[in-house]
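What follows is one structure encoded as C-alpha cells, with my remarks underneath.
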Amino acid sequence: MGNGRLSETAAEPESAVLIAVDDGGGTTDACLDELSALAGNIGIEEAGRVTQRREKPHPARYLGKGRLEDLSALVSVTGAGVVIADDELTNAQMRGLAEATGALVIDRSLVILDIFAARASSAEGAAQTELARLKYSLSRLAGLGKSLSRQGGGGGGGMGARRGGGETKLELDRRAVRERIARLTDEIGEIKKRRGVSRDRREKNRVPLVSLCGYTNSGKSTLLNAFTGADALAEDKLFATLDTTTRRVEAHGFEYLMSDTVGFIRKLPHALIDAFSATLEELTFADVLLHVVDASSPDRVAQIQTVKSTLSEIGASAPIVTVFNKMDASPRKPLPFDRDSRAHVEISARTGEGLDALAYIVAETIKSLRRPLRVLIPYAKGDLIGLTRSRCGIVSEQFLENGTLLELLADEEMSGIMSEYIV
13 MGNGRLSETA AEPESAVLIA VDDGGGTTDA CLDELSALAG NIGIEEAGRV TQRREKPHPA
73 RYLGKGRLED LSALVSVTGA GVVIADDELT NAQMRGLAEA TGALVIDRSL VILDIFAARA
133 SSAEGAAQTE LARLKYSLSR LAGLGKSLSR QGGGGGGGMG ARRGGGETKL ELDRRAVRER
193 IARLTDEIGE IKKRRGVSRD RREKNRVPLV SLCGYTNSGK STLLNAFTGA DALAEDKLFA
253 TLDTTTRRVE AHGFEYLMSD TVGFIRKLPH ALIDAFSATL EELTFADVLL HVVDASSPDR
313 VAQIQTVKST LSEIGASAPI VTVFNKMDAS PRKPLPFDRD SRAHVEISAR TGEGLDALAY
373 IVAETIKSLR RPLRVLIPYA KGDLIGLTRS RCGIVSEQFL ENGTLLELLA DEEMSGIMSE
433 YIV
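Residue numbers (the working numbering): 13 to 435.
This is the structure:
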C-alpha cells in the first residue's frame, strides 16, 4: 500500500515511471522534474514519464483508460519496478494503478516523507517526521479496512470469516498507530512548550527575531552560516536540514536573532505541516522574514508563490525581505518582483557578495518597526539605561549634567516604559 519507507516496502527499487495529471496550469513538466530529483534523493532513477491532460485525476485509476495502458506498456518496456504519482493518491487509485502495471505504486507525499525520515538527525525532527508518516499510514489502513468490508458482500461462509479476521488485524494495527500518534503528539506538545518558554524569555528581553524561509535548497543554511558564523548543515540537496538553528547577530547598531528552519516545496504533505507545527510556528513569531530565493532556478517564480502560500497557510505575516541568492550562478534577468516584499537584495551566500547590503536592509527593516524617541534619563535610573541599551536601537548618546540624553528607536512596550522621560 505504500505506507512504510520504500526500503521497507520494496527490494531496493532502482527505476520508476513518473506520472502526472496536467490540469493546464503549465507547471506539469517542472513538477515532474522536481519529482525526479526527489526520487533521486532516495535512490530511484527516472525511467520515463506519462502525463495526461484532464481536469482532475480519475477517482479509481488516476489516469484514464488509454493512458493507463500506455503506462503499463512503458513499465513493461523499461522494467521499472515503481510508479510514482505527482499527486497524493487515494487507496483506490493506488490499487487501480498497481493492478494495471504490476509495479509498486507510491506518491509524491510518500517520497517526501521518506526523505524526511532519512534526514531527521535530531530527536525533535525524528518525532515530527514519524508523526507525519503515521498519519499518512493511518489513512491507508482505514481505506484498506473499507475495501475488505466491501469484499465481504452478503452472506455466507468462508469470505465472511476471512474478512472478520482481516478486520480484526486491521483494527489492531489502527489502534497501535493511533496510540503511537497520541504519544508523539504529547511529545511534540512538550517541544512546543519548551519553545514557548524560550520565546517568552526572548520577548521579555525584546530581542528581535529574523527568520529565514524559502524553497528547499535555496541556500538558507549557507546564508545563515555566512551571516552568523554558524555551523548549520548546508548541502546541495533537497531538505538537507530539518532542524531549527538560531544564532545571535550584531550589525548596524542592532542586535537580533537569526533562525533557519525546514524549507518548503510544492505539495508539501499536510501531515508534515501539522507535524512540524512546533518548528514552523517560529516563523509566525518573527519580526522580519527573509525569503531566500534561488535566483538561478528556472522555476523561481513558482517557487516564490509556493513559499508565500505556505507562509499564509501557517499564519506568518511579518514584513518580508526577498533575498535573491546564488547570484554568482549568473541567473537570468530581470529577477521577479514581489510587490508584498519590503525590499529586494541580490547576494551570493557562497561568495559573500551582497551580505553587507543585506545586513543594512535587515537593520533598516527592524528600525522601521520602531518609533524614534528622544529621552533624558536621570543617572539615578541606571537600571533603565541598561534596559534601554539592550532593547532599543541607540542613535546617539550624550552625558548631560542632569542625566543621559538618548536618541533611540523603541518598540511600543519600551515607548510606554520611557514615556515620562521623553523630551
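C-beta: ideal position from N, C-alpha, C; glycine also.
Distance, residue j Cα to residue i Cα
| i | j | result |
| --- | --- | --- |
| residue 251 | residue 209 | 27 Å |
| residue 424 | residue 383 | 8 Å |
| residue 266 | residue 399 | 14 Å |
| residue 235 | residue 275 | 13 Å |
| residue 3 | residue 103 | This structure cannot speak to residue 3, because the chain is shown only from 13 to 435. |
| residue 271 | residue 233 | 9 Å |
| residue 93 | residue 228 | 28 Å |
| residue 396 | residue 388 | 11 Å |
| residue 435 | residue 415 | 12 Å |
| residue 101 | residue 381 | 45 Å |
| residue 432 | residue 334 | 39 Å |
| residue 351 | residue 321 | 15 Å |
| residue 259 | residue 373 | 18 Å |
| residue 61 | residue 281 | 22 Å |
| residue 187 | residue 428 | 54 Å |
| residue 79 | residue 63 | 8 Å |
| residue 146 | residue 47 | 22 Å |
| residue 355 | residue 371 | 12 Å |
| residue 225 | residue 353 | 13 Å |
| residue 44 | residue 148 | 22 Å |
| residue 155 | residue 343 | Confidence in residue 155 is poor, its pLDDT being 46 and thus under 50, which makes the residue's placement unreliable; the coordinate value appears in the next sentence. Cα-Cα distance, rounded: 46 Å. |
| residue 29 | residue 41 | 14 Å |
| residue 273 | residue 289 | 11 Å |
| residue 115 | residue 99 | 17 Å |
| residue 117 | residue 269 | 44 Å |
| residue 385 | residue 330 | 23 Å |
| residue 108 | residue 95 | 12 Å |
| residue 97 | residue 143 | 22 Å |
| residue 67 | residue 77 | 15 Å |
| residue 162 | residue 110 | Because the pLDDT at residue 162 is just 33, under 50, the model does not fix this residue reliably, and the value given afterwards should be weighed accordingly. One C-alpha to the other measures close to 19 Å. |
| residue 361 | residue 136 | 27 Å |
| residue 291 | residue 126 | 19 Å |
| residue 393 | residue 412 | 14 Å |
Span of the alpha helix (DSSP H) around residue i
| i | result |
| --- | --- |
| residue 332 | Taken as a continuous stretch (DSSP letters only), residue 332 belongs to no alpha helix (DSSP H), being part of the beta strand (DSSP E) at 332-337. |
| residue 362 | From DSSP, residue 362 is part of no alpha helix (DSSP H); its letter is neither H nor E. |
| residue 422 | No alpha helix (DSSP H) contains residue 422, which is instead part of the beta strand (DSSP E) from 415-422. |
| residue 106 | 103-113 |
| residue 251 | No alpha helix (DSSP H) contains residue 251, which DSSP labels as neither H nor E. |
| residue 85 | 77-90 |
| residue 233 | 232-240 |
| residue 312 | 312-326 |
CB contact flag (residue i, residue j, <8 Å)
| i | j | result |
| --- | --- | --- |
| residue 303 | residue 285 | no |
| residue 26 | residue 56 | yes |
| residue 132 | residue 138 | yes |
| residue 223 | residue 283 | no |
| residue 256 | residue 294 | yes |
| residue 346 | residue 312 | no |
| residue 366 | residue 376 | no |
| residue 497 | residue 141 | Because the chain is modelled from 13 through 435, residue 497 falls outside the range shown and cannot be assessed. |
| residue 74 | residue 124 | no |
| residue 39 | residue 314 | yes |
| residue 230 | residue 300 | no |
| residue 420 | residue 407 | yes |
Bridge-paired residues (DSSP) for residue i
| i | result |
| --- | --- |
| residue 225 | 303 |
| residue 64 | 33 |
| residue 410 | 417 |
| residue 58 | 28 |
| residue 357 | 335 |
| residue 74 | 70 |
beta-carbon residue i near the ligand HEM non-hydrogen atom, thresh 7 Å
| i | result |
| --- | --- |
| residue 330 | No copy of the ligand HEM appears in this structure; indeed no ligand is present at all. |
Span of the beta strand (DSSP E) around residue i
| i | result |
| --- | --- |
| residue 117 | 116-119 |
| residue 434 | No beta strand (DSSP E) holds residue 434; DSSP gives it neither H nor E. |
| residue 219 | Segment: none, residue 219 is in no beta strand (DSSP E) and carries neither H nor E. |
| residue 97 | 94-97 |
Residue i at chain B interface by Cβ criterion, 8 Å
| i | result |
| --- | --- |
| residue 366 | In the structure shown, chain B does not exist; there is a single protein chain. |
Handout entry: beta strand (DSSP E) runs contained entirely in the segment 368-408, provided each spans 3 or more residues
Key = If we require 3 residues or more, the beta strand (DSSP E) runs fully inside the segment 368-408 come out as 383-389.
Exercise for the section: Would you mind listing the beta strand (DSSP E) stretches within the segment 253-285 that are 3+ residues and don't spill past its ends, in chain order? Expected result: The qualifying runs are 257-263, 266-272.
Problem - Complete alpha helix (DSSP H) runs within the segment 20-56 (minimum length 4 residues, chain order) - result: Within the segment 20-56, the complete alpha helix (DSSP H) runs of at least 4 residues are 40-52.
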